[in-house]
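Heads up: the protein sequence lines correspond to chains A and B, in order.
Just so you know, the numbering used here puts 373 at position 373 of the first sequence, and the rest follows in order with no gaps.
Just so you know, the numbering used here puts 1263 at position 263 of the second sequence, and the rest follows in order with no gaps.
No residue lacks a Cβ here, since even glycine has one placed at the ideal position from N, Cα and C.
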Amino acid sequence: MNDTLIKVEGVSKRFCRSLKKSLWYGMQDLGNEIMGRRHGGSGQLRANEFWALKDVNLELKRGECLGLIGRNGAGKTTLLRLLNGLIKPDQGRIEVRGRVGALIALGAGFNPILTGRENIHVNASILGLSMFEIEEKIDEIIDFAELGDFIDTPVQSYSSGMQLRLGFAAATALEPDILLLDEVLAVGDAAFRGKCFNRMHKLMQNCAVVFVSHSMAQVGRVATSVAHVDGGQVTLFNGNPTAGIAVYSSKHEPLMDQCNVQSDILAIEAINVSERSTSDDSNPSRPDIQHIDISFTIRSKRRTEQNVSLLIVLTDSEMQNIAEIRRPVEGANLAAQNTFEQVVTLNKCQLGSGKYYVSCALLVGEGGEVGANCQFGAFIVIDSGWAGYAPVRL
Amino acid sequence: MISQDPQPVTIYTPESAIANPGRMFRNMVHDLRMSRELSWRLAVRDISAQYRQTALGFLWALILPLANTAVWVFLSISGILTVAATDLPYPVFVLIGTMLWAIFMEAVTAPMQGVSAAREMLAKINFPREAIVVSGIYQVLFNAAIKLAILLVVLVASGIFPDWKIVLVPFGIASLILAGTAIGLFLTPIGLLYTDIGKGLPILMQFLMYLTPVVYPLRGEGTLSTLLLLNPLTPLIETTRAWLTGGAPEWLHYFLVTNILAMFVLLAVWIVYRLAMPIIIERMSS
């Protein structure tokens, strides 16, 4: 059995920036199709057109999960829609093997007036389940969605998270060979997201998943490969998702507001992050242990008798605090006009792959008045060796 | 687009489907078969949703033709308009005409309305696109059944008893829906790109109604009756009305020719519709 489920060869897609022109090109394309000419002409761009995707090559086998990452408008959804056969490529060839389940948007096809249960019937048959299959699976879908009594309430009274539950439950019940997911998990609550990831892992054993997300943590958790989409160009990181995440993270630096507080007591001059590795003496064959040193250059402007401590907050790419470290600053250093260095080491670093931001504050006195603070850009952990395959505990 | 083997392989290329007619027809038949269940579900969904939020419910299928009839009867009684004598009482004549016309109109607007309403679904899910059209036909049939039931009640109440030819009426209705769907589906691809079609359609349809013996009988000589005879909808309406009221249909051969023609047109516009969908979806969703 051939287990390559998705094969994309040299696929390009052009879009038009002007609506008027795009409608006119649509008429031309339709005319060409009726005449039996190929879609996309000779591969030239017409006025106002651009390549939404250019020369994309991909291959995905059963059991693999491809994370599509890139900025908004990079072409991720276009690629998913091509894979789903919703739109035609202008160049190249796409081969898709098996039943495709796509969650390009949840709740597509939900009728707001009908109840959740009625909508499951409709949605599941839109997704290609036969009436017999739907009857067989309806209880499972309802159980998974955990909507309780709301299942017999019109969908218009559902929140977006509840619609997500219903949509995800109906779509994954299809047991597809290929699952296409487009940023669908963003609205679910944490418990349901965890449940969805477990479901996806289970499905992945039998299917190929293509998954769009802006959450590097999610991609790092489930993807076996990463494709970085940037301006229509797709760079594939086969079997090495962390490298793709690193490229994405280094390319798209979020703009951080530098909201520095400066007082007349203290100032933070610079922060440096460096890595250091030591070998494990007890077992030389093991890989080196990584440490991260964060060194702060602090300038004391005038002498203070109060206690000063350094507070460090590590934030992940989703702006969630993942660690807070508080260290006292030695009083001897706090002389007037003294510049000194304070190093904080994250021993045996066990951060997962991804980008981390460091922000820090110098707290003065018992009340913890902020003497100075600053945000430092970021550092990236590559290849932490953490596999994301542990199930999520709910 | 999907073949029958257990692990269907689907290939998307820029080639036009028309370049390989054999495969295209196989796919068309396959997709139509695949859409049976779905179109039924969609029709049930739309019909129940449509009537769930109304107080008058199914009566809405009648209100428009009844209002139309009232207007024409008023115009005729008040003498503003003189209509040539009809074999049937004029109100009954008009009611049948407007009911049949309403069925045809619904069939014309159903494909474009259906595709328009399913925009979001079409842009995000790959399912046989035929389902929307077939579901539209189901809904038109459903409304037609209500209209027909009311018509029969009115006929009997006004002392007109249809003869055995009543069994042919469904064929008349089917031919009206066939012609309407062919026209509607022809307009759908262009109408989805350019909204001009949607805006112009009601005017065009109004005009077409006056060129069809809906509210006045087909009589005499002159430009109008020549136009009426050239209009392929004339035999459809006339024949169905004759079958309904026990009259003798004058245009049976013309009726058959129109139907055969409509079938070929429908097949052709179906192909165009299939070719157009990816192009339209590309432009209506973002």
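* To do: Measure from the alpha carbon of Ile-34 of chain A to the alpha carbon of each residue in B:Asn-1231, B:Leu-1256, B:Phe-1127 and B:Arg-1274, then state which is nearest.
  => Counting from 1 along the first sequence, the entry for residue 34 of chain A is found at position 34. Of B:Asn-1231, B:Leu-1256, B:Phe-1127 and B:Arg-1274, the smallest CA-CA separation from Ile-34 of chain A is found for B:Arg-1274.
* To do: Could you have a look at Pro-328 of chain A and say whether DSSP puts it in helix, strand or coil?
  => Here residue 328 of chain A corresponds to residue number 328 of the first sequence, with the count starting at 1. In the three-state reduction of the DSSP assignment, Pro-328 of chain A falls in the strand class.
* To do: Quick one: grab the DSSP three-state call for Ala-1110 of chain B.
  => Looking up residue 1110 of chain B in the second sequence gives position 110. DSSP places Ala-1110 of chain B in helix when its eight states are reduced to three.
* Are the region 188-205 of chain A and the region 119-128 of chain A touching by the rule of at least three beta carbon pairs closer than 8 angstroms? -> They do not touch, by the three-pair rule.
* Would you verify that the beta carbon of Pro-89 of chain A is, or is not, closer than 7 angstroms to some beta carbon of chain B? => The sequence position of residue 89 of chain A within the first sequence is 89, counting from 1. Yes - at least one Cβ of chain B is within 7 angstroms of the one on Pro-89 of chain A.
* To do: Step through the CB atoms of chain A and report whether any lies within less than 7 angstroms of the CB of Thr-1223 of chain B.
  => Your numbering for residue 1223 of chain B matches position 223 in the second sequence. Between Thr-1223 of chain B and chain A, the shortest Cβ-Cβ separation is not below 7 angstroms.
* Of all the alpha helix (DSSP H) runs that stay within the bounds of the region 123-173 of chain A, which reach a length of 4 or more residues? -> Counting only runs of at least 4 residues, the region 123-173 of chain A fully encloses the following alpha helix (DSSP H) elements, listed from N- to C-terminal order: 131-145 and 160-172.
* Asked: Helix, strand or coil for Trp-1060 of chain B per DSSP?
  -> Here residue 1060 of chain B is taken as the residue at index 60 of the second sequence, counted from 1. Here Trp-1060 of chain B sits in helix by DSSP.
* Asked: Comparing alpha-carbon positions, which option in B:Phe-1161, B:Leu-1185, B:Thr-1013 and B:Leu-1168 lies nearest Ala-1262 of chain B?
  -> Here the question's residue 1262 of chain B lines up with position 262 in the second sequence. Nearest Cα to Ala-1262 of chain B within the set B:Phe-1161, B:Leu-1185, B:Thr-1013 and B:Leu-1168: B:Leu-1185.
* Whole angstroms is fine: what's the gap from Thr-4 of chain A's alpha carbon to Leu-60 of chain A's? => Here residue 4 of chain A refers to the residue found at position 4 of the first sequence. Here residue 60 of chain A refers to the residue found at position 60 of the first sequence. Leu-60 of chain A has its alpha-carbon roughly 6 angstroms from the corresponding atom of Thr-4 of chain A.
* Per-residue DSSP class, three states only, for Leu-255 of chain A -> Working through the first sequence from its first residue, we reach residue 255 of chain A at position 255. Residue confidence is low: Leu-255 of chain A scores 48 on pLDDT, short of 50, so the model does not pin down where it sits. Its coordinate-derived value is still stated next. Correct three-state label for Leu-255 of chain A: coil.
* To do: Kindly say whether Val-122 of chain A, judged by its beta-carbon, lies nearer than 7 angstroms to any beta-carbon of chain B.
  => Counting from 1 along the first sequence, the entry for residue 122 of chain A is found at position 122. Interface annotation, Val-122 of chain A: in contact with chain B, CB-CB separation under 7 angstroms.
* To do: Pick helix, strand or coil for Met-204 of chain A, following the three-state DSSP scheme.
  => Within the first sequence, numbered from 1, the residue matching residue 204 of chain A stands at position 204. Under the three-state reduction of DSSP output, Met-204 of chain A falls in the helix class.
* Tell me, please, whether the region 1254-1261 of chain B touches the region 9-26 of chain A by the rule of three or more beta-carbon pairs shorter than 8 angstroms. => Fewer than three Cβ pairs drawn from the region 1254-1261 of chain B and the region 9-26 of chain A lie within less than 8 angstroms of each other, which leaves the two stretches out of contact.
* To do: Going by CA-CA distance only, name the one from A:Val-222, A:Lys-13, A:Glu-275 and A:Ala-243 that's closest to Ala-74 of chain A.
  => One-based indexing of the first sequence puts residue 74 of chain A at position 74. The candidate whose alpha carbon is nearest that of Ala-74 of chain A is A:Lys-13.
* Asked: Helix, strand or coil: how does DSSP classify Glu-305 of chain A here?
  -> Against the first sequence, residue 305 of chain A aligns to sequence position 305. Here Glu-305 of chain A sits in coil by DSSP.
* Output yes if chain E places a C-beta closer than 7 angstroms to the C-beta of Met-131 of chain A; else output no. => Among the protein chains of the structure shown, namely A and B, there is no chain E.
* To do: Determine the contact status of Pro-1235 of chain B and Tyr-1254 of chain B, defining contact as a CB-CB distance below 7 angstroms.
  => Position 235 of the second sequence, counting from 1, holds the residue named residue 1235 of chain B. Position 254 of the second sequence, counting from 1, holds the residue named residue 1254 of chain B. Here Pro-1235 of chain B is near Tyr-1254 of chain B, since their CB atoms are less than 7 angstroms apart.
* Asked: Closest to Ile-1160 of chain B by CA distance: which of B:Phe-1025, B:Phe-1093, B:Ile-1077 and B:Glu-1015 is it?
  -> Position 160 of the second sequence, counting from 1, holds the residue named residue 1160 of chain B. Ranking B:Phe-1025, B:Phe-1093, B:Ile-1077 and B:Glu-1015 by Cα distance to Ile-1160 of chain B puts B:Phe-1093 first.
* Asked: According to the Cβ coordinates, are Asp-396 of chain A and Val-212 of chain A closer than 7 angstroms?
  -> Given a span of 1 to 394 for chain A in the structure shown, any question on residue 396 of chain A remains unanswerable.
* To do: Grab the span of the alpha helix (DSSP H) containing Lys-76 of chain A for me, first residue to last.
  => Residue 76 of chain A sits at position 76 when you count from the first residue of the first sequence. Per DSSP, Lys-76 of chain A belongs to the alpha helix (DSSP H) from 76-83.
* To do: Starting from Gln-1196 of chain B, follow the alpha helix (DSSP H) in both directions and report where the run begins and ends.
  => On the second sequence, residue 1196 of chain B is found 196 positions in, with the first residue counted as 1. Note that residue 1196 of chain B corresponds to Asp in the displayed sequence, not to Gln. Run containing Asp-1196 of chain B: 1196-1210, per the alpha helix (DSSP H) assignment.
* What is the DSSP secondary structure of Gly-67 of chain A, reduced to helix, strand or coil? -> Against the first sequence, residue 67 of chain A aligns to sequence position 67. The answer is strand: DSSP assigns Gly-67 of chain A an E or B state.
* On the three-pair Cβ rule with 8 angstroms, is the region 1109-1116 of chain B touching the region 1071-1086 of chain B? -> With a cut-off of 8 angstroms, the region 1071-1086 of chain B and the region 1109-1116 of chain B do not count as touching, because too few Cβ pairs lie within range.
* Asked: Opposite Tyr-357 of chain A in the DSSP bridges: which residues?
  -> To locate residue 357 of chain A, count along the first sequence from 1; it is residue 357. DSSP output for Tyr-357 of chain A lists A:Thr-315 as bridge partner(s).
* Asked: Would you say Leu-1256 of chain B faces chain A, with C-beta separation under 7 angstroms as the test?
  -> Working through the second sequence from its first residue, we reach residue 1256 of chain B at position 256. Answer no: the Cβ-Cβ gap between Leu-1256 of chain B and chain A never drops below 7 angstroms.
* **Where Gly-408 of chain A falls, given that 16 or more other Cβ within 10 Å makes a residue buried** => Only positions 1 to 394 of chain A appear in the structure, and residue 408 of chain A is not among them; the question remains open.
* Give me the Cα-Cα distance between Gly-1191 of chain B and Leu-1095 of chain B, rounded to the nearest whole angstrom. => On the second sequence, position 191 is the one that residue 1191 of chain B refers to. On the second sequence, position 95 is the one that residue 1095 of chain B refers to. Roughly 31 angstroms separates the two Cα atoms.
* Can you list the residues of chain B that Ala-102 of chain A reaches, using a CB-CB cut of under 9 angstroms? -> In the first sequence, the residue the question calls residue 102 of chain A occupies position 102. The answer, in chain order, is Lys-1124, Ile-1125 and Asn-1126.
* Residues from the region 29-49 of chain A in contact with chain B, defined by Cβ distance under 8 angstroms -> So the list reads Asp-29, Leu-30, Asn-32, Glu-33, Ile-34, Met-35, Gly-36, Arg-37, Arg-38, His-39 and Gly-40, given in the order they occur along the chain.
* Closest to Ala-1049 of chain B by CA distance: which of A:Cys-65, A:Arg-276, A:Gln-156 and A:Leu-129 is it? -> Locating residue 1049 of chain B in the second sequence gives position 49, counting from the first residue. The shortest Cα separation from Ala-1049 of chain B among A:Cys-65, A:Arg-276, A:Gln-156 and A:Leu-129 belongs to A:Gln-156.
* **Cross-chain neighbours of Met-27 of chain A in chain B, by beta carbon under 8 angstroms** => Sequence index remark: in the first sequence, residue 27 of chain A carries index 27 (1-based). Per Cβ cutoff of 8 angstroms: Ile-1190 and Leu-1193.
* For the alpha helix (DSSP H) that Ala-1123 of chain B lies in, which residues bound it at each end? -> Taking the first residue of the second sequence as position 1, residue 1123 of chain B is located at position 123. Start and end: 1119-1124.
* CB contact check: Ser-22 of chain A to chain B, cutoff 7 angstroms -> Within the first sequence, the letter at position 22 stands for residue 22 of chain A. Taking Cβ atoms only, chain B reaches closer than 7 angstroms to Ser-22 of chain A, which makes this a yes.
* In whole angstroms, what separates the C-alpha of Tyr-25 of chain A from that of Arg-1119 of chain B? -> Your numbering for residue 25 of chain A matches position 25 in the first sequence. Your numbering for residue 1119 of chain B matches position 119 in the second sequence. About 20 angstroms.
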